[in-house]
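Worksheet: one structure, shown below.
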Amino acid sequence: MPPTRNLWSRRGRRPRRRDTAEMTRVRSASMNSPVDIFFRPVEPGQVPYWRLVLRGCSQTCFQSNELTGLIFFVAVLIASPIAFAYLLVAAIMAPGGRMLLGKRDAIPTGLPGLNPCLIALALPAAFHTGFSDIGMWGVLVVSVAATMVLTRVSIVLLPVPTLAFPFLLVFWALVALAPRLDVLQPITSSPAGPEAFHPFAAVCLSLGQAIFAGTVWSGLLFLGGVLLSNWRHGLLALFGAAIGTVVSYYHRDVDIAGVNLGQYGFNGVLTAVAVFIFCGGKLRLAILGSVLATMMVPALASLGLPTASAPYVFTTWLMLGLGWIADKWFDLPTAPALSSESLSAHP
1 MPPTRNLWSR RGRRPRRRDT AEMTRVRSAS MNSPVDIFFR PVEPGQVPYW RLVLRGCSQT
61 CFQSNELTGL IFFVAVLIAS PIAFAYLLVA AIMAPGGRML LGKRDAIPTG LPGLNPCLIA
121 LALPAAFHTG FSDIGMWGVL VVSVAATMVL TRVSIVLLPV PTLAFPFLLV FWALVALAPR
181 LDVLQPITSS PAGPEAFHPF AAVCLSLGQA IFAGTVWSGL LFLGGVLLSN WRHGLLALFG
241 AAIGTVVSYY HRDVDIAGVN LGQYGFNGVL TAVAVFIFCG GKLRLAILGS VLATMMVPAL
301 ASLGLPTASA PYVFTTWLML GLGWIADKWF DLPTAPALSS ESLSAHP
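Numbering of the sequence shown is given in my numbering, commencing with residue 1 and proceeding in unit increments.
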């Protein structure tokens with residue numbers, strides 16, 4: 001496979017459309033990981049279906065790693081058994097759906113599972129669900145199928161990585177339809193009273209909320225799963241959680257209870273990893289992306305939109321767009337470096 005081009009590098013010139021799998025394959029599979037101890041390495045075209053299921057779950061944080069996917073499953077199970085069941089159904093459906101829809105090159109990475117897994121996790125977080133609720137099981141199947149179709153369409157139409165955009169479209173549609181469909185019963189929460197800021201719990205829950213798992217143990221498992229797959233991505237996830245927590249805490253208009261629950265910080269987690277992967281592996285851009293994504297959460301909420309993962313999607317696109325602008329309009333010849341002596345000569 002030819003090397004991927006970096007929009008934030010002077011070597012590249014003309015941007016072109018890419019499937020997200022291409023970038024993920026380069027970044028996630030570039031090192032020997034502990035997964036090889038538990039899962040025998042296989043060629044891309046010979047990955048067993050059950051391993052595709054695990055890889056699909058791991059792609060919720062842009063990894064292609066069966067062990068990471070297994071840990072994510074455990075993290076979700078700890079937080080919510082019904083969310084675990086929904087996630088399992090979506091992860092099983094996703095590879096088969098992509099096989100039917102075509103463009104199979106991304107299947108070995110597990111990438112087709114990204115958006116189906118996200119909508120499966122979001123349903124129990126946003127709506128009342130239960131193992132005996134047949135209607136919501138139907139909503140799950142339809143929603144997963146819709147995300148698979150929208151992902152396939154987005155790959156063709158969008159000049160940028162699709163990320164979680166198909167999931168957002170389906171989720172927003174469900175929220176809009178909820179008042180008209182009895183099967184969709186939104187979960188409402190009463191405003192919390194004043195409470196103290198708990199930074200450790202807030203950071204851990206920010207990590208867990210990246211997969212809609214709102215417990216400290218789930219957050220720690222999520223972090224461990226990413227670290228086992230790619231230690232750089234794991235550190236970025238931790239940095240993103242810390243940045244998102246601090247930025248949201250010092251934002252005057254946010255709810256401290258929401259900060260403690262990780263509802264603001266998780267977009268910083270996802271953005272840090274996504275920007276690092278898609279913008280050339282630059283730490284400073286990943287940190288900037290985390291800050292911008294966290295600031296975007298209350299901005300989108302003020303428009304009446306359920307934010308979900310929208311801040312990380314829009315921020316990553318923004319960073320890619322800025323990279324294109326820098327590459328197209330601001331790619332000036334490199335100036336000779338100035339010495340300290342020449343700098344001191346200026347008044």
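Cβ coordinates follow ideal geometry from the N, Cα and C atoms, glycine included.
These numbers come from a predicted model, not from an experiment.
Since I believe residue j is in contact with residue i (beta carbons under 8 Å), could you give me their beta-carbon distance rounded to a whole number of angstroms?
i, j, result
"L264", "V297", "For the sequence presented, residue 264 should be read as Tyr rather than Leu. That pair is a contact at about 5 Å."
"V89", "A120", "7 Å"
"V226", "Q63", "6 Å"
"P116", "M136", "Rounded, the Cβ-Cβ distance is 16 Å, inconsistent with contact."
"S309", "N267", "7 Å"
"G113", "A83", "Actually they are not in contact, since the Cβ atoms of G113 and A83 sit about 15 Å apart, beyond 8 Å."
"T316", "L163", "6 Å"
Between which two residues does the alpha helix (DSSP H) containing residue i stretch?
i, result
"D133", "D133 -> no alpha helix (DSSP H), and no H or E assigned at all."
"E66", "E66 to A79"
"P311", "A310 to W329"
"R51", "Y49 to S58"
"Y249", "W231 to Y249"
"P199", "P199 to Q209"
"A164", "Segment: none, A164 is in no alpha helix (DSSP H) and carries neither H nor E."
"R284", "L283 to A301"
"F278", "F266 to F278"
"A257", "I256 to N260"
Which residue or residues does DSSP assign as beta-bridge partners of residue i?
i, result
"P34", "DSSP output for P34 lists no bridge partner at all."
"P159", "DSSP lists no partner for P159."
"P186", "F127"
So is residue i buried or exposed if we call it buried at 16+ other beta carbons inside 10 Å?
i, result
"R152", "buried"
"D331", "exposed"
"I187", "exposed"
"V53", "buried"
"I37", "exposed"
"I325", "exposed"
"L100", "exposed"
"I277", "buried"
"R27", "Interpretation of R27 is limited by its pLDDT of 41, a score under 50 that renders its predicted location unreliable; no figure is taken from the coordinates."
"R98", "buried"
"G289", "buried"
"I243", "buried"
"P311", "buried"
"I287", "buried"
"A237", "buried"
"D327", "buried"
"A173", "exposed"
"M1", "Low confidence applies here, because M1 scores a pLDDT of 38, under 50, leaving its location unreliable and the question unanswered by this model."
"R104", "exposed"
"Y86", "buried"
"L157", "exposed"
"E195", "exposed"
"R40", "exposed"
"I71", "buried"
"S154", "buried"
"S189", "exposed"
"T20", "Interpretation of T20 is limited by its pLDDT of 46, a score under 50 that renders its predicted location unreliable; no figure is taken from the coordinates."
"I211", "buried"
"G130", "exposed"
"G102", "exposed"
"P179", "exposed"
"S132", "exposed"
"Q214", "It is worth fixing the name first, because residue 214 is Gly in this sequence and not Gln. Label assigned to G214: buried."
Is residue i near residue j, with beta carbons less than 7 Å apart?
i, j, result
"G262", "L205", "yes"
"L228", "P34", "yes"
"F171", "A122", "yes"
"L285", "C279", "yes"
"A91", "G56", "yes"
"V291", "V247", "yes"
"L221", "A79", "no"
"V160", "L305", "no"
"Q59", "L140", "no"
"G219", "G208", "yes"
"L307", "A301", "According to the sequence shown, residue 307 is Thr rather than Leu. Yes, these two residues count as a Cβ contact at 7 Å."
"V216", "A201", "yes"
"F127", "L184", "yes"
"I256", "F197", "yes"
"L150", "L169", "yes"
"V254", "C61", "no"
"V175", "P108", "no"
Is residue i close to chain C? Criterion is C-beta to C-beta, closer than 7 Å.
i, result
"P179", "Looking at the structure shown, chain C is missing, and only one protein chain is on hand."
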